[in-house]
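Below: one structure, written as structure tokens.
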Amino acid sequence: MAAMTRSRRTDANWRNNAAIDFSAGHGIPASCLRHMRTAHRASGGRHCSGFSGRPHPCCAQEHEWPRLRRPPQRRRLDAARRISLLPSPGSRVRHATSRGWGENMGGDGTMILEAALACRVAGLSVLPAHLAEKRPALSGWKPFQEHLPGKEQVCAWFKEAEAICIVTGKVSGNLEMMDFDNGGELFDRWAGAVKEQSPGLIDRLVIESSQSGGRHVAYRCRDAVCGNLKLAQRRLETPGGKQYVHRKDADGNQHVIQTLIETRGEGGLFLCAPSPGYKLLQGDFTHLPVLTPGERDVLLSAAWALNEYIPPPEPIPTGCASLARPGDDYSARGDVRAVLVKHGWTLAKPGENEYWRRPGKTNGWSATLKDRIFYVFSSNAAPFEPNKAYSPFAVYAHLEHNGDFAAAARALRAEGYGGDEPAVNLTGIVAVAEVAPPAEPTVPDPGQMPEDLLRVPGFVSEEMDYCLQTAPYPNTVMAFCGALALQAFLAGRKVRDPGDNRT
Numbered sequence: 026m027a028a029m030t031r032s033r034r035t036d037a038n039w040r041n042n043a044a045i046d047f048s049a050g051h052g053i054p055a056s057c058l059r060h061m062r063t064a065h066r067a068s069g070g071r072h073c074s075g076f077s078g079r080p081h082p083c084c085a086q087e088h089e090w091p092r093l094r095r096p097p098q099r100r101r102l103d104a105a106r107r108i109s110l111l112p113s114p115g116s117r118v119r120h121a122t123s124r125g126w127g128e129n130m131g132g133d134g135t136m137i138l139e140a141a142l143a144c145r146v147a148g149l150s151v152l153p154a155h156l157a158e159k160r161p162a163l164s165g166w167k168p169f170q171e172h173l174p175g176k177e178q179v180c181a182w183f184k185e186a187e188a189i190c191i192v193t194g195k196v197s198g199n200l201e202m203m204d205f206d207n208g209g210e211l212f213d214r215w216a217g218a219v220k221e222q223s224p225g226l227i228d229r230l231v232i233e234s235s236q237s238g239g240r241h242v243a244y245r246c247r248d249a250v251c252g253n254l255k256l257a258q259r260r261l262e263t264p265g266g267k268q269y270v271h272r273k274d275a276d277g278n279q280h281v282i283q284t285l286i287e288t289r290g291e292g293g294l295f296l297c298a299p300s301p302g303y304k305l306l307q308g309d310f311t312h313l314p315v316l317t318p319g320e321r322d323v324l325l326s327a328a329w330a331l332n333e334y335i336p337p338p339e340p341i342p343t344g345c346a347s348l349a350r351p352g353d354d355y356s357a358r359g360d361v362r363a364v365l366v367k368h369g370w371t372l373a374k375p376g377e378n379e380y381w382r383r384p385g386k387t388n389g390w391s392a393t394l395k396d397r398i399f400y401v402f403s404s405n406a407a408p409f410e411p412n413k414a415y416s417p418f419a420v421y422a423h424l425e426h427n428g429d430f431a432a433a434a435r436a437l438r439a440e441g442y443g444g445d446e447p448a449v450n451l452t453g454i455v456a457v458a459e460v461a462p463p464a465e466p467t468v469p470d471p472g473q474m475p476e477d478l479l480r481v482p483g484f485v486s487e488e489m490d491y492c493l494q495t496a497p498y499p500n501t502v503m504a505f506c507g508a509l510a511l512q513a514f515l516a517g518r519k520v521r522d523p524g525d526n527r528t
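Under the working numbering, the first residue of the sequence shown is numbered 26, with each subsequent residue one higher.
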């Protein structure tokens, strides 16, 4: 009975809301059509079957009511479903409308807006972006590193936005993105290593292609993420393609450092689909997986293993290097591996380039040791900082003496490292000082400064008068010097004139 009632109610609702085609072309005179429209409205949408098959009062002829058209059923999609159907750049996309399918290209304003609203519902901090410059199209976007934008803000921003970007980090639910540059050169090797270490993990990630042909891999982390990390780099003697910042090494050779894999973490951002040139290959941003610290380590370790460049360690500011110093002597011949093992580090993979695993980690690696340079990748390897190289003495100082290099040097000297500093030969200087007689002055004594030169009309003279009147021991020359110094101080401060000219 209930089902029948629902069926009747549904049928009644359909008939009441049905669209009757009163247009011409049914062989019904216009006067009759007007009468039918009036009757249809007066009956609340119900059909006046009394006219059907009977002489119509307008023309005394029999007419049938025009055919009923069932109203098109609009298909409602939730936010997650909408963003999963977003188009790839250049693809033909069909819209579920009553008129059929049409075309839409990546970068369409409506599509960008829908994607932005869906991302916001999913807890992502979305901002409009300049496509060419890869930066937010807002002058002050830093507040959105801490809180999500409002719906009204998103609607206003994305009415004419050309691209969309997402802020990574805590504000977006500990979102982190791995960026594979140089056309995604290392993506396949990285994905293969991840599949080998953790089967099925790759299939859970959100992956898209970028406008340069690279890859973006996005996920959320259970714990807070650190800032941006450079995971795999390469030194290029002759750069090609993109423009990089040139550097000069200790030998004076020009080179550039190309970053092949890096992350966008706390405080970062990245452009994404449906921006022109970006295409979702797997998953969608409204259904990001949440990874455990161990799963995140698998992703980062697989990228670190592809690194080709180890920067030199930062020099310790203690003067010129000399084996006579305990730190330099230890860096040359000290057993840094024993120190690492003592503090819980594990050798994960021996070889010319050794891979070391930090304490508490059961798989993968966190640092490398090559040519006595300890390079740390991990952001969880305290007291070491990520993406930084350490000399053996620096490793010893951080692990054994909490970063106190002076205490570390004293301890190493007690252990026999370092030697006596060579004596400095001062005989030549002493001999000259003892033999050479004091030189006679070649410039005549100018005498006292003339009084007329001590008076400069204006500020200097007024300041001199004040000093001479208030000083317990007045001195004209000292008052003059003090007035000049005060004027120089005042003139050196930054000032602005009415024309907004600044010093």
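The beta-carbon is built from N, C-alpha and C at its ideal position, and this holds for glycine as well. In this text the structure is predicted, and so the values were computed from the model without any measurement.
- In the three-state reduction of the DSSP assignment, residue 219 falls in the helix class, which pools H, G and I.
- DSSP places residue 364 in the uninterrupted alpha helix (DSSP H) bounded by 361-367.
- In the three-state scheme derived from DSSP, where H, G and I count as helix and E and B as strand, residue 402 is classed as coil.
- Excluding residues up to 5 positions away in sequence, 148 and 245 lie with their Cβ nearer than 6 Å to the Cβ of residue 198 in the same chain.
- Each residue's CA atom was taken as its position, placing residue 294 and residue 422 some 36 Å apart.
- A straight line joining the alpha-carbon of residue 184 with that of residue 247 spans about 34 Å.
- Residue nearest to residue 252 within the set 284, 288 and 230 is 288 (criterion: CA-CA distance).
- Distance check between residue 239 and each of 205, 380 and 214 places 205 closest, using alpha-carbon atoms only.
- Counting the other CB atoms within 10 Å of its CB gives residue 494 a total below 16, which places it among the exposed residues.
- Secondary structure of residue 288 (DSSP, three-state): strand.
- Here the region 367-374 does not lie against the region 292-310, with fewer than 3 beta-carbon pairs under 8 Å apart.
- For residue 190, the enclosing beta strand (DSSP E) stretches over residues 188-192.
- Only buried fits residue 154, as 16 or more other CB atoms lie within 10 angstroms of its CB.
- DSSP places residue 234 in the uninterrupted beta strand (DSSP E) bounded by 231-234.
- The beta-carbon separation of residue 424 and residue 351, rounded to 16 Å, does not stay under the 8 Å limit for a contact.
- As DSSP reads the structure, residue 241 sits in a beta bridge with 204 and 233.
- Taking the Cβ atoms as the reference, residue 390 lies roughly 7 Å from residue 374, within the contact range of under 8 Å.
- At the C-beta level, residue 290 and residue 201 come within 8 Å of one another.
- In its chain, beyond the 5 residues on either side, 285 have a beta carbon closer than 6 Å to the beta carbon of residue 207.
- Pairing residue 403 with residue 338, the inter-Cα distance amounts to about 16 Å.
- Straight-line spacing of the CA atoms in residue 330 and residue 261 works out to 19 Å.
- For residue 224, the closest C-alpha among the options 324, 141, 362 and 152 is that of 324.
- Scanning the region 133-163 from its first residue to its last, the whole alpha helix (DSSP H) runs of 4-plus residues come out as 134-146.
- Using a Cβ distance threshold of 8 Å, residue 174 and residue 145 count as a contacting pair.
- In this structure, the beta-carbon distance from residue 159 to residue 296 falls below 8 Å.
- For residue 295, the enclosing beta strand (DSSP E) stretches over residues 294-297.
- In this chain, residue 473 is not harboured by any beta strand (DSSP E), its DSSP state being neither H nor E.
- In this structure, residue 349 sits near residue 443, with a CB-CB distance shorter than 8 Å.
- For residue 512, the enclosing alpha helix (DSSP H) begins and ends at 501-517.
- For residue 392, the closest of 301, 381 and 385 by C-alpha to C-alpha distance is 381.
- If you look at residue 178, you'll find it in the alpha helix (DSSP H) that goes 176-182.
- Beta-bridge pairing by DSSP links residue 414 to 400.
- In summary, residue 498 is exposed, with fewer than 16 beta-carbon neighbours lying within 10 Å of its beta-carbon over all protein chains present.
- Taking C-beta atoms under 8 Å as the contact rule, residue 219 and residue 226 qualify, at a distance of about 6 Å.
- Residue state for residue 487 is assigned as helix, using DSSP reduced to three classes.
- The Cβ neighbour count for residue 383, taken over all protein chains shown within 10 Å, is at least 16; the residue is labelled buried.
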